[in-house]
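Novice: Following this message is one structure expressed as structure tokens.
There are 10 protein chains.
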Amino acid sequence: MKKTLLLNSVLSELIASLGHGDMVVIGDAGLPIPPETRRIDLALCRGIPPLLETVRVIASEMQVEKALIATETGQRSPHIRDGLGQLLPNTPFEEVSHEQLKALCRQARAVVRTGEYTPYANVILVAGVVF
Amino acid sequence: MKKTLLLNSVLSELIASLGHGDMVVIGDAGLPIPPETRRIDLALCRGIPPLLETVRVIASEMQVEKALIATETGQRSPHIRDGLGQLLPNTPFEEVSHEQLKALCRQARAVVRTGEYTPYANVILVAGVVF
Amino acid sequence: MKKTLLLNSVLSELIASLGHGDMVVIGDAGLPIPPETRRIDLALCRGIPPLLETVRVIASEMQVEKALIATETGQRSPHIRDGLGQLLPNTPFEEVSHEQLKALCRQARAVVRTGEYTPYANVILVAGVVF
Amino acid sequence: MKKTLLLNSVLSELIASLGHGDMVVIGDAGLPIPPETRRIDLALCRGIPPLLETVRVIASEMQVEKALIATETGQRSPHIRDGLGQLLPNTPFEEVSHEQLKALCRQARAVVRTGEYTPYANVILVAGVVF
Amino acid sequence: MKKTLLLNSVLSELIASLGHGDMVVIGDAGLPIPPETRRIDLALCRGIPPLLETVRVIASEMQVEKALIATETGQRSPHIRDGLGQLLPNTPFEEVSHEQLKALCRQARAVVRTGEYTPYANVILVAGVVF
Amino acid sequence: MKKTLLLNSVLSELIASLGHGDMVVIGDAGLPIPPETRRIDLALCRGIPPLLETVRVIASEMQVEKALIATETGQRSPHIRDGLGQLLPNTPFEEVSHEQLKALCRQARAVVRTGEYTPYANVILVAGVVF
Amino acid sequence: MKKTLLLNSVLSELIASLGHGDMVVIGDAGLPIPPETRRIDLALCRGIPPLLETVRVIASEMQVEKALIATETGQRSPHIRDGLGQLLPNTPFEEVSHEQLKALCRQARAVVRTGEYTPYANVILVAGVVF
Amino acid sequence: MKKTLLLNSVLSELIASLGHGDMVVIGDAGLPIPPETRRIDLALCRGIPPLLETVRVIASEMQVEKALIATETGQRSPHIRDGLGQLLPNTPFEEVSHEQLKALCRQARAVVRTGEYTPYANVILVAGVVF
Amino acid sequence: MKKTLLLNSVLSELIASLGHGDMVVIGDAGLPIPPETRRIDLALCRGIPPLLETVRVIASEMQVEKALIATETGQRSPHIRDGLGQLLPNTPFEEVSHEQLKALCRQARAVVRTGEYTPYANVILVAGVVF
Amino acid sequence: MKKTLLLNSVLSELIASLGHGDMVVIGDAGLPIPPETRRIDLALCRGIPPLLETVRVIASEMQVEKALIATETGQRSPHIRDGLGQLLPNTPFEEVSHEQLKALCRQARAVVRTGEYTPYANVILVAGVVF
């Protein structure tokens, strides 16, 4: 089996296929996923897996250049915004409106659905390059 | 979104397509999955999702007639065997050898991979009928 | 087998994949389904399954935020409109024209065809979120 | 739309592709369907659609030469056996064991799943020729 | 086998999937079929099957609300126009130009190719509803 | 369009892909077609297209080395056997039992379904080589 | 095997699926083929098969109403233009620019690649009807 | 475009995917190709492309360890056997019966169909390794 | 096995399917690849395979008419620009901006991902014709 | 982009899907790959990528329980055997015959083709579990 932190085979393939600027959305259990966007459904039940843990695991293999969150996330669910900031301490965050974030899902390489039951608990990771 | 306990779309389809006697394997992160068997990879990282929680959620929608575990599970990981017994108190358990359990995976409708990091933490749920 | 109210495997997968704002159309036996929209044909014969029963079963698993019906439904088939209102007592209903409702089918995640033989017996359920 | 009794598009295609001796299984909600056999899931919820009604509709387009039921059907659910006899008054019935019937599903062209909640409510229709 | 007039499995599926306003084109052996439109090629050789017979058989299962023919059909092949009128005595006919009719093929659910060797022997059947 | 006798695109591809000894079955409307064999459904309705006409058209492009018919064909439908003999005057015919002929369908490259309503109206054409 | 001039199975299917006005491009070994257009690669090596021979064979089954060639073909490779004229003596030829011809490839039903090593050795055959 | 001798894209992919001992069949226009074997149909018409030319071009990229021909090839078409020998002067040839050669087609990676009109003009090239 | 310089089966197919003006992108390990463009991932790890070596091997089979590089390549990674010039001494180079080069990826036939860890180490090869 | 040693997206997915006992073959450029086994072709040209480097990169993510090599590898290419031993110092090696190793490829999850030009430079890695 794979011996590093991230176990999931679909996420492993996704991350290894990202290039500079490609976007991956990690969303709560209710985020609508555009039909044309790749859907990776990891949600088992309320809270499993949690959003922050999913971001932590993805960030262990993915070079993240920038993160996008909705302004509403900080207003309504500040512990999510703060938790993301702690997980990605050297990553610049940009705020967009929740509507913009949903529109960006159409351009993302995939949306990862977690079991998170927190309003506006969504983040877009933008891939960077290690050289 | 779905408002019941089980959120996952792939598991939801699987359970709704089971008939009397069909088998679903829920396995630890290292269980080999035969290429001809459907693979549902929910493993994120070590311990997420846990085996017992995954069984609990699946059993909330699936009528379980019988469960099969390996003799080695009780010997090496008794808390898994005991936890399964508590989750499915009215379900008869049958023991097979670990080799037999791996062979039965070929006949299963799917193998669900969890993030469980416990030796021999695998179980086969056999579907029953509610009438 | 699945032990909850909704048995159908295709509907089970559909509902578990809905996000906030996604639309599901439940239609009579003659509603045209755009070729690009997913088609779930449950119609057996005249009246089987009925529209209202199909809505009742879908609503047992789907969080419904809002329902859309055609103005013509209330005018031509008021028992359908009233039946929908009783099935979804806490759900706001919005009226659109029948032409608008047919146009919205292109954006829906799926159209479920019933055996209903009643003019304008169609409804769009809009998914909500439970948190 | 189609103007005859049978509305379903998948069943319509199936029946029009049958040749002499081809088998169609119509089963209750819990009949296991072999993975290699075509699955037509019409089950909505308990009792919808009923087995007998589904058989009646299929028989309106399909030339039936013979029907196979399990011996257990007559023993445990005699109203199903009798109902089938009334729907197909000129069709010879053969009895097999329930195990044999399940084995024959592997050779069938399709298994149609109904919402019937009656034990052993399954029948195999064998196609005949009209000339 | 199927015991009603229409035998073809592909046409059976097509008709059973039509909704109000969906179009089916039945064309002569030389009608160009847009690549994005479903192609049902029944043409064997010159005259087999004939256009009128194909329309007669399709209309035995399809509720036809309206028929569209090219103006050129009446001018160049009046026996086709008259034959269609006799097959569908209660159906309103609308005339479009041959160019318009070819453009409408892009929106049709399918084009059925016959072996008809008559200029402008094409018709579009528009589906109606029986309730 | 194609300007030779045989118009059908699927048959045209089939014949052009045959090698020495490959078999094509042309059958009546009720011949069972094994699921693993390619199905070419030309049947429109009773008698369209006729078996003999279909054979005549196929033989206009296909080099036929030998034909196989069931013994029952000559006994029950001698006009079919005689018609085949006239269409293929220089082709040797071999008789097999109807059961053998049905078994050979599994090895055929395709089964062509006609609208023929005559018992035992089936023939297997075996491809030859022109050099 | 097929006993007429044209042997290729892919070309046979293509020609039998053409309708009035459909275009087939036959090109030299270097003609760019738009990704969305069907590609039929017959090129073996320099000169095999030759363009003119390929056109001759295709025209043995295809009713050609019109041919399009680039103005550059006559200027740079007059023996190709003349050869085409001799192969299709009763077919009107239209000249377009090489750029226009390449743009028309996007609308063609297929591009047939030959082994021709002659500049501007390309032609578009436009299908006609035989009745 | 590709600038080496072999132009064909399908053959180029095939040869680059061969390993030690893999077989490629190059056959005349009438060789039967098992349905489970990959079919590469290069045949345009009688004699195009010729068998020997096709072998020459394939051998320009493929390391050939051994060639298999039917005993009948030397008996009935000695110029083919001799031509093969001249094209592959350092390659050992083995003779098998024509029946054996046809059976070996089932194990081959592909059968390449040429336009050769010569009896028993078939050869199997067995891939070698360059190190 | 293939005995020429380029071994890869996917690249072999790609090059043999190029026509005049078709573009192939060879990029560093981080170049974003548009989802609609064919992806050929050869990257193993940092530096394997190197960009220049990959270009050298591709150019051994591909006729290159022109090469496009970003202005930034010469500014930031001049050894890559110089190396490309030495590999393709008779090929004209054109400079575009890095943004333009990324936009051109959408029109390319494929993007080949190498393991190159050098900023702006990307090149587009434009196919030419050998006659 | 991915920021760990192994860049390749296909290998990343493969390794993350391995279970206890699953086999991955890493082979030289000429190893025959059974058609039913997944093929991952990384070979660019002679020596790129090298076998040992490919094993080193795969082993950075894959838990290896055991390695299988051919007896011939040690006899004919001892530096490969020794290099493998140094890369996997704590992994037990088992020797099989080259014929057995080729037969085991049929049971492997994938064969990775490298550019290695060394006789018998093949190894099978058998997956272990980290808990």
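Heads up: the sequence lines are chains A, B, C, D, E, F, G, H, I and J, in that order. Count the first sequence with this note's numbering and you get residues 1 to 131, in order. Count the second sequence with this note's numbering and you get residues 132 to 262, in order. Count the third sequence with this note's numbering and you get residues 263 to 393, in order. Count the fourth sequence with this note's numbering and you get residues 394 to 524, in order. Count the fifth sequence with this note's numbering and you get residues 525 to 655, in order. Count the sixth sequence with this note's numbering and you get residues 656 to 786, in order. Count the seventh sequence with this note's numbering and you get residues 787 to 917, in order. Count the eighth sequence with this note's numbering and you get residues 918 to 1048, in order. Count the ninth sequence with this note's numbering and you get residues 1049 to 1179, in order. Count the tenth sequence with this note's numbering and you get residues 1180 to 1310, in order. C-beta: ideal position from N, C-alpha, C; glycine also.
1. Spatial neighbours of residue 639(E) within its chain, please: CB distance less than 8 Å, with the 5 preceding and 5 following residues excluded, ordered by chain position.
2. Measuring CB to CB, does residue 374(C) end up less than 8 Å from residue 302(C)?
3. Based on Cα-Cα distance, which residue from 795(G), 878(G), 823(G) lies nearest to residue 888(G)?
4. Between residue 939(H) and chain J, is there a C-beta pair that is closer than 8 Å?
5. For residue 519(D) versus residue 419(D), is the C-beta distance shorter than 8 Å?
6. Does the beta-carbon of residue 294(C) have 16 or more other beta-carbons within 10 angstroms, so that it is buried, or is it exposed?
7. Taking the CB atoms as reference points, tell me whether residue 810(G) and residue 895(G) lie closer together than 8 Å.
8. Going along chain E in order, which residues have a C-beta closer than 8 Å to the C-beta of residue 895(G)?
9. Would you mind telling me which residues of chain D sit closer than 8 Å to residue 528(E), beta carbon to beta carbon, in chain order?
10. Taking 6 Å as the limit between beta carbons, can you name the residues of its chain near residue 935(H), skipping five residues before and five after?
11. Whose C-alpha, out of 882(G), 872(G), 864(G), is nearest the C-alpha of residue 854(G)?
12. Rounded to the nearest angstrom, what separates residue 608(E) and residue 657(F) at their Cα positions?
13. Of the choices 856(G), 807(G), 892(G), whose alpha-carbon is the least far from that of residue 905(G)?
14. Kindly list the residues whose CB is nearer than 8 Å to the CB of residue 248(B), restricted to its own chain and excluding five residues on each side of it in sequence; keep chain order.
15. Taking 8 Å as the cut-off, decide whether the C-beta atoms of residue 497(D) and residue 450(D) are in contact.
16. Which first and last residues belong to the alpha helix (DSSP H) in which residue 885(G) is found?
17. Am I right that residue 732(F) and residue 776(F) are in contact with their C-beta atoms under 8 Å? What's the rounded C-beta distance?
18. When you check each C-beta in the stretch 176-201 of chain B against every C-beta of chain A, which residues fall closer than 7 Å?
19. Who pairs with residue 420(D) in a beta bridge, going by DSSP?
20. Residues in its own chain within less than 8 Å of residue 1023(H) by CB, not counting five upstream and five downstream?
21. How about residue 1211(J): is its C-beta nearer than 8 Å to some C-beta of chain H?
22. Using alpha carbons as the reference points, say which of 1110(I), 1103(I), 1102(I) lies closest to residue 1061(I).
23. Have a look at residue 1017(H) and residue 1007(H) and give me their C-alpha separation to the nearest angstrom.
24. Along chain A, in chain order, which residues have C-beta atoms closer than 9 Å to that of residue 1204(J)?
25. Under 8 Å between C-beta atoms, does residue 519(D) make it to chain F?
26. So, is the C-beta of residue 118(A) closer than 8 Å to a C-beta in chain C?
27. Please go through the same chain and pick out, in chain order, the residues whose beta-carbon is closer than 7 Å to the beta-carbon of residue 391(C), but skip the five residues on each side of it.
28. Which word fits residue 618(E), buried or exposed, when buried means at least 16 other C-beta atoms lie within 10 angstroms of its C-beta?
29. Could you tell me which of 655(E), 598(E), 611(E) sits nearest to residue 579(E), measuring between CA atoms?
30. Can you list, in chain order, the residues of its chain whose CB lies under 8 Å from that of residue 796(G), leaving out five sequence neighbours each side?
31. Find the residues of chain L that neighbour residue 272(C), judging by a C-beta separation of less than 8 Å, and give them in chain order.
32. If we call anything under 8 Å between Cβ atoms a contact, is residue 98(A) one with residue 65(A)?
33. Give the residues of chain B in contact with residue 342(C), contact being defined as C-beta atoms less than 9 Å apart.
34. Against residue 129(A), what residues of chain J qualify as contacts under a CB-to-CB distance less than 8 Å, listed in chain order?
35. Counting only the same chain and skipping the five closest in sequence on each side, list residues whose C-beta sits under 6 Å from that of residue 22(A).
Specialist: In short, the structure shows the following:
1. Cβ within range, chain order: 553, 566, 567, 568, 569, 570, 571, 572, 573, 574.
2. Yes, Cβ-Cβ distance for residue 374(C) and residue 302(C) is below 8 Å.
3. That would be 823(G), whose Cα lies nearest to the Cα of residue 888(G).
4. So yes, residue 939(H) belongs to the interface.
5. No; because the gap between Cβ atoms is not below 8 Å, this pair is not in contact.
6. Buried, because 16 or more other Cβ atoms sit within 10 Å of the Cβ of residue 294(C).
7. Contact: yes.
8. What residue 895(G) touches in chain E: 559.
9. Those are 397, 454, listed as they occur along chain D.
10. Apart from the 5 residues on each side of it in sequence, residue 935(H) sits with its Cβ closer than 6 Å to the Cβ of 1044 in its chain, given in chain order.
11. Ranking 882(G), 872(G), 864(G) by CA distance to the CA of residue 854(G) puts 882(G) first.
12. Residue 608(E) and residue 657(F): Cα-Cα distance of roughly 26 Å.
13. Nearest of 856(G), 807(G), 892(G) to residue 905(G), Cα basis: 856(G).
14. Taken in chain order, the residues that qualify are 159, 160, 177, 178.
15. No, they are not a contact pair.
16. Start and end: 884-890.
17. Confirmed, Cβ separation roughly 6 Å.
18. Result list: 176, 179, 180, 184, 185, 188.
19. Beta-bridge pairing links residue 420(D) to 506(D).
20. 951, 953, 954.
21. Judged by the 8 Å Cβ criterion, residue 1211(J) is in contact with chain H.
22. Closest option to residue 1061(I), Cα to Cα, is 1110(I).
23. Between the alpha carbons of residue 1017(H) and residue 1007(H) lies a gap of roughly 24 Å.
24. The premise fails here: residue 1204(J) is roughly 17 Å from chain A at the closest Cβ pair, so nothing lies under 9 Å.
25. No, residue 519(D) lies away from the interface with chain F (no Cβ there is under 8 Å from its Cβ).
26. So yes, residue 118(A) belongs to the interface.
27. Result list for residue 391(C): 282, 325, in chain order.
28. Sixteen is the threshold: since fewer than 16 other Cβ atoms of the shown chains lie within 10 Å of the Cβ of residue 618(E), the residue is exposed.
29. Distances from the alpha-carbon of residue 579(E) to those of 655(E), 598(E), 611(E) put 611(E) closest.
30. Contacts found: 826.
31. In the displayed structure, chain L is absent; the protein chains listed are A, B, C, D, E, F, G, H, I and J.
32. Not a contact, by the Cβ cut-off of 8 Å.
33. In chain order: nothing, as chain B lies at least about 24 Å away.
34. Those are 1180, listed as they occur along chain J.
35. Same-chain partners within the cutoff: 109, 127.
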